[in-house]
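What follows is a short report on a single structure.
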Amino acid sequence: QDSRGDANLVIRCKFCKRVSNADIIPGSILPYSLDDSGHFKTIAKFDCRGLEFTEFSPRCGWSASSVNSDAVFDDISLTDEIWCDYDEKGKCEVSIQNFQSQIIKLKC
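If you read the sequence shown in UniProt numbering, its first letter stands for residue 1, the second for the next number, and so on.
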């Protein structure tokens with residue numbers, strides 16, 4: 001939070017003290033499904049003021065659901081850009097592999 005309101009990310013430069021922020025645009029977060037596999041898809045949009053994202057590091061807190069059952073896997077870590085587990089209900093391996101991302105600057 002700064003004097004102009006709240007943001008999802010607020011940072012202050014330790015050298016010049018300039019405040020920059022980024023907000024997730026409401027309604028822009030979308031799921032990535034099996035049908036999207038192998039293709040880039042926009043999963044979130046951000047309004048950035050005074051900063052520009054250059055890299056995405058997925059880290060922790062992701063969720064996935066099995067295509068063979070209603071099993072849901074929460075708090076997935078993609079720090080190593082790969083995740084594997086076993087779906088007991090669907091009796092199959094589940095995984096996220098070959099994770100790639102790209103950041104596209106939108107013109108407003």
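Even for Gly, the Cβ is constructed at its ideal location relative to N, Cα and C.
Cα separation between residue i and residue j?
i, j, result
"Asn21", "Ile11", "6 Å"
"Asn68", "Cys92", "8 Å"
"Gly50", "Gly90", "47 Å"
"Pro31", "Ile43", "6 Å"
"Ser37", "Leu9", "29 Å"
"residue 176", "Ser33", "The structure shown has nothing for residue 176, since the chain only spans 1 to 108."
"Gln102", "Glu55", "7 Å"
"Asp85", "Asp35", "20 Å"
"Ser65", "Val19", "38 Å"
Could you check what DSSP says for residue i in three-state terms: helix, strand or coil?
i, result
"Asp2", "Residue placement at Asp2 cannot be trusted, given a pLDDT of 48 that sits under 50; what the coordinates show is reported in the next sentence. DSSP places Asp2 in strand when its eight states are reduced to three."
"Asp23", "strand"
How about residue i and residue j: do their beta carbons lie closer than 8 Å?
i, j, result
"Gln97", "Ile82", "yes"
"Ile76", "Asp47", "no"
"Ser28", "Lys45", "yes"
Taking the beta strand (DSSP E) that residue i belongs to, which residues open and close that run?
i, result
"Leu9", "Leu9 to Arg12"
"Asp85", "Trp83 to Asp87"
"Arg18", "Neither: Arg18 is in no beta strand (DSSP E) and is coded neither H nor E."
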